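Chemist:
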Ligand SMILES: [Mg+2]
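Residue numbers (this note's numbering): 14 to 174.
1. With distance defined between alpha-carbon atoms, name the residue in 20, 16 and 31 nearest to residue 156.
2. Count the other CB atoms within 10 Å of the CB of residue 90; is the residue buried (16 or more) or exposed (fewer)?
3. Give the list of continuous beta strand (DSSP E) stretches no shorter than 3 residues that lie fully inside the region 52-101.
4. Would you give the residue range spanned by the beta strand (DSSP E) that residue 169 belongs to?
5. Relative to the alpha-carbon of residue 136, which residue among 14, 95 and 20 has its alpha-carbon at the smallest distance?
6. When the Cα of residue 77 is compared with those of 107, 39, 139 and 100, which residue comes out closest?
7. Ignoring anything shorter than 3 residues, give me the beta strand (DSSP E) runs that lie fully in the region 137-161, in order along the chain.
8. Should residue 21 be listed as close to ligand 1, given that the test is whether its C-beta is under 8 Å from any heavy atom?
9. May I ask which residues mark the beginning and end of the beta strand (DSSP E) holding residue 46?
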């Protein structure tokens, strides 16, 4: 089975300290620097059900460990993940004066993964600029209830699996 890595923020969920007005939050994540309201992207549960049969799954976020663990427990409590990586596994670089937390997929080679068998879904192209062949770019999600991107990407994943 190939490996599918999932970004968290604005790929699977939208986390905000300010409630979205028209929608109840799916869950609240307490955080030392202020609680977060969490909203699941439309069709997320269906998406996870589908892809867990097609790929080995992992999470990789540039958020902190505390946050990644909370999301993992909320969304993947009963699903075995290859890993759930946080910002400490990202590589901080400066490009054009801006700091970027890059996700260097070649780190996976140390875990005996072949890059040819790895895909990552992420809404941030700058974090994966060295890996265009592995990166499935998804539009950032910040609360649109009519979003269908997760449904669309399942069709692509069925071909890549
Ligand atoms: Mg993101």
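Backbone N, C-alpha and C fix where the C-beta goes; we use that ideal spot for every residue, glycine too. A quick note: this is a predicted structure, and the numbers were derived from the prediction, not measured.
Modeler: Taking the geometry as given:
1. Here residue 156 corresponds to residue number 143 of the chain shown, with the count starting at 1. Ranking 20, 16 and 31 by Cα distance to residue 156 puts 31 first.
2. The count along the chain shown starts at 1 and reaches residue 90 at position 77. Exposed, because fewer than 16 other Cβ atoms sit within 10 Å of the Cβ of residue 90.
3. 69-73 and 94-98
4. As a first step, residue 169 must be located in the chain shown, where it is residue number 156. Careful: residue 169 lies outside any beta strand (DSSP E), inside the alpha helix (DSSP H) at 162-173.
5. Here residue 136 is taken as the residue at index 123 of the chain shown, counted from 1. Residue 136 has its Cα closest to that of 20, out of 14, 95 and 20.
6. In the chain shown, the residue the question calls residue 77 occupies position 64. Looking at the Cα atoms, 100 is the closest of the given residues.
7. 148-150
8. Mapped onto the chain shown, residue 21 falls at position 8. Within the cutoff, so yes.
9. Sequence index remark: in the chain shown, residue 46 carries index 33 (1-based). Neither: residue 46 is in no beta strand (DSSP E) and is coded neither H nor E.
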